[in-house]
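In my numbering, the protein residues as written are 42 to 280.
The following block contains the structure:
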């Protein structure tokens, strides 16, 4: 695996640490005491370690007992389903490697890309009004987030990205949206790199997440210069 920041590797190692219930053929199940009934299971798939499943103590005991102490991936996923635990579709997790961060920190932003503030409320409202509700929900870009950057075409905001601190760690989760009429012009790449540089300067590690089947977002990740860390599944949050 390429060298990522210790903040990233330490976070994911801790999230999937615990007593091992099963381990075979690049499939590992652990009991993590930090998980509870609100978030009783998570799955992480990396090229280095294969599939790792973390379970809460109660869920681990129930599933291992039901399986007769033998946990393999298909029966475990069925057990989660039987227990009423629905996992979100897997998210790709992308981060800048240490080498790519060094390159990013030496860059300057394009003239038409800058931080957004409350003074940009009118432009941001017009931007939101030009996007669909589905696009807005998927991107989750908000003017009152921790960091917000945008690209302008004249006075018109055509692309925006925002970040917020994630999981109470020095990791900043990213959302980005470009208006349909302005896609394919490189705006998103420039905005994401600019906001990521700002996050790094504040001591945070940018995190780029997207669903596996969101091919446009996967392509943008490649253009931005982030590297795939793994795929993560967590319980579906209703509402």
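Even for Gly, the Cβ is constructed at its ideal location relative to N, Cα and C. Note that this is a predicted model, so its numbers are computed, not measured.
Enclosing beta strand (DSSP E) for residue i [first to last residue]
i           : result
residue 94  : 91 to 96
residue 63  : 60 to 65
residue 133 : 132 to 136
residue 196 : Where residue 196 is concerned, there is no enclosing beta strand (DSSP E), given that its DSSP letter is neither H nor E.
residue 82  : 82 to 87
Nearest residue (CA-CA) to residue i, options the options
i           : options            : result
residue 259 : 193, 217, 122      : 217
residue 127 : 166, 244, 112, 83  : 83
residue 137 : 276, 229, 275, 47  : 47
residue 149 : 277, 140, 232, 64  : 232
residue 227 : 243, 261, 120, 134 : 261
residue 135 : 91, 263, 275       : 263
Exposed unless 16 or more other CB atoms sit within 10 angstroms - verdict on residue i
i           : result
residue 147 : exposed
residue 142 : buried
residue 54  : exposed
residue 119 : exposed
residue 265 : buried
residue 168 : buried
residue 122 : exposed
Nonlocal neighbours in the same chain, by C-beta distance under 6 Å from residue i, ignoring five residues either side
i           : result
residue 85  : 57, 93, 271, 273
residue 157 : 189, 191
residue 181 : 216
Residues of its chain near residue i, where Cβ-Cβ distance is below 8 Å and the 5 sequence neighbours each way are ignored
i           : result
residue 194 : 153, 223
residue 207 : 213, 214, 248
Residue i Cβ short of 7 Å to the ligand NAD heavy atom set
i           : result
residue 196 : Among the ligands in the structure shown, none appear at all, so the ligand NAD cannot be discussed.
Contacts around residue i, its chain only, beta-carbon distance under 7 Å, and the 5 residues preceding and following it disregarded
i           : result
residue 117 : 70, 94, 104
residue 183 : 203
N- and C-terminal bounds of the alpha helix (DSSP H) containing residue i
i           : result
residue 139 : 139 to 146
residue 273 : Residue 273 -> not in any alpha helix (DSSP H); beta strand (DSSP E) instead, spanning 268 to 274.
residue 211 : Unbroken run through residue 211: none, as it is neither H nor E.
residue 118 : 114 to 123
Open item on the list: I'd like to know if the stretch 63 to 83 and the stretch 245 to 258 are in contact, where contact means that at least 3 CB-CB pairs between them fall below 8 Å.
Closed with: no
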